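*Asks:*
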Ligand SMILES: [Zn+2]
Ligand SMILES: [Zn+2]
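Residue numbers (our numbering): 243 to 423.
1) For the region 319 to 348, which segments carrying the alpha helix (DSSP H) assignment without a break, of at least 4 residues, lie completely within its bounds, in sequence order?
2) Just to confirm, does residue 352 get its C-beta within under 7 Å of one of the non-hydrogen atoms of ligand 1?
3) Roughly how many angstroms separate the alpha carbons of residue 406 and residue 333, rounded to a whole number?
4) I'd like the ranges of any alpha helix (DSSP H) spanning at least 4 consecutive residues and lying wholly in the region 345 to 411.
5) Is residue 413 near ligand 2, with its Cβ less than 7 Å from a heavy atom?
6) Could you check which residue in 380, 306, 410 and 262 has the C-alpha nearest to that of residue 350?
7) Please report the distance separating the alpha-carbon of residue 360 from that of residue 391.
8) Assuming residue 358 and residue 395 make a contact with CB atoms under 8 Å, what is their CB distance in whole Å?
9) Check residue 279 in the structure and name its three-state DSSP category.
10) Mind checking whether the beta-carbon of residue 396 lies closer than 7 Å to any heavy atom of ligand 1?
11) Label residue 374 either buried or exposed according to how many other C-beta atoms from any shown protein chain fall within 10 Å of its C-beta, with 16 as the threshold for buried.
12) Could you check if residue 352 is buried or exposed, using at least 16 other CB atoms within 10 Å of its CB as the buried criterion?
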């Protein structure tokens, strides 16, 4: 048994020297072989995957668990970095959506992104938000759904007034002007 092992180690180290010496030739040979036997290799891998379906599934579950654990651990030890990163990506997403809808309040023309927000044209905002993204971000949902037509941009002032009074004072003023004309 020991002799066997020593013999194997001897061959391995001899081969190792050989491999080191002929590194480039071997790499070339490997490349050539894989090009020439492309279909065979593909079929071999497919066969292997088919024969190890359960194992692959198991591995995927384990890898997922491991990643989740790792992420949680990382978040715990890097709280500040994660917070800044999350905030940055939230702002980026928000701006992306606002720009896609014209980045301008449809009521008063405000263009400062920090003052702007997305508004449900039909006014059923809260209910819709609850339905499509109970725990997530509405902005992410909008981007994922290819910017539907049910939204517009309002600045916080106009949005707030619409919510509180049913109509923004700008709109009332415009209406009165129409009557005056
Ligand atoms: Zn406005
Ligand atoms: Zn307004």
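Every residue gets a Cβ at the ideal spot worked out from N, C-alpha and C, and that includes glycine. Here the structure is a predicted model, which means the values were calculated and not measured.
*Replies:* So, to answer that:
1) Counting only runs of 4 or more, we get 321 to 342.
2) Against the chain shown, residue 352 aligns to sequence position 110. Checking the Cβ of residue 352 against ligand 1 gives yes.
3) For this step, residue 406 is matched to residue 164 along the chain shown. For this step, residue 333 is matched to residue 91 along the chain shown. Going from the Cα of residue 406 to the Cα of residue 333 covers about 26 Å.
4) Counting only runs of 4 or more, we get 367 to 374, 380 to 386 and 398 to 407.
5) Counting from 1 along the chain shown, the entry for residue 413 is found at position 171. Because some heavy atom of ligand 2 lies under 7 Å away, the Cβ of residue 413 counts as near it: yes.
6) On the chain shown, residue 350 is found 108 positions in, with the first residue counted as 1. Measuring from the Cα of residue 350, the nearest candidate turns out to be 410.
7) Here the question's residue 360 lines up with position 118 in the chain shown. Here the question's residue 391 lines up with position 149 in the chain shown. Using only the alpha carbons, I get a separation of about 12 Å.
8) Sequence index remark: in the chain shown, residue 358 carries index 116 (1-based). Sequence index remark: in the chain shown, residue 395 carries index 153 (1-based). For residue 358 against residue 395, the beta-carbon gap comes to about 5 Å, under 8 Å, which counts as contact.
9) Position 37 of the chain shown, counted from the first residue, corresponds to residue 279. In the three-state DSSP reduction, residue 279 falls in the coil class, being neither helix nor strand.
10) In the chain shown, residue 396 corresponds to position 154, counting from 1. Residue 396: yes, Cβ under 7 Å from ligand 1.
11) As a working mapping, residue 374 is identified with position 132 in the chain shown. That one is exposed.
12) Counting from 1 along the chain shown, the entry for residue 352 is found at position 110. If you draw a 10 Å sphere on the C-beta of residue 352, you find 16 or more other C-beta atoms in it, and that means buried.
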